[in-house]
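Enquirer: At the far end of the sequence shown sits residue 360, using the numbering used here, and the numbering has no gaps.
Below is one structure. I have some questions about it.
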Amino acid sequence: MVVVVSDDYLQSKECDFQTKFALSLSPGAHQKRLIPIKYKAMKKEFPSILRFITWFWTRLAKALSLP
294 MVVVVSDDYL QSKECDFQTK FALSLSPGAH QKRLIPIKYK AMKKEFPSIL RFITWFWTRL
354 AKALSLP
């Protein structure tokens, strides 16, 4: 799941719910399939629920690789 994070995203309760729902689908999974993309410069702080993804490029490459 690709999450496009913007100031509008941060104000949307629906987007927040969908992101939390996606994270809860497989809480024990070793590979998270959630890819946050920061859209434009943001005035608000990046959401803490998405800050756990620190190795973005490595995870992106793994998510896009063939099985």
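Glycine residues also receive a C-beta, built at the ideal position from the N, C-alpha and C atoms.
This structure is a prediction, so every number in the text was calculated from the model and none was measured.
Since Lys-331 is in the beta strand (DSSP E), which residue starts that stretch and which ends it?
Expert: Position 38 of the sequence shown, counted from the first residue, corresponds to residue 331. Where Lys-331 is concerned, the enclosing beta strand (DSSP E) stretches over 328–331.
Enquirer: Among the residues of its own chain, which have a CB less than 6 Å from the CB of Thr-312, if the five just before and after it don't count?
Expert: The residue you call residue 312 lines up with position 19 of the sequence shown. Val-296.
Enquirer: What residue range does the alpha helix (DSSP H) around Lys-336 cover?
Expert: Position 43 of the sequence shown, counting from 1, holds the residue named residue 336. Looking at the DSSP string, Lys-336 is not in any alpha helix (DSSP H), and its letter there is neither H nor E.
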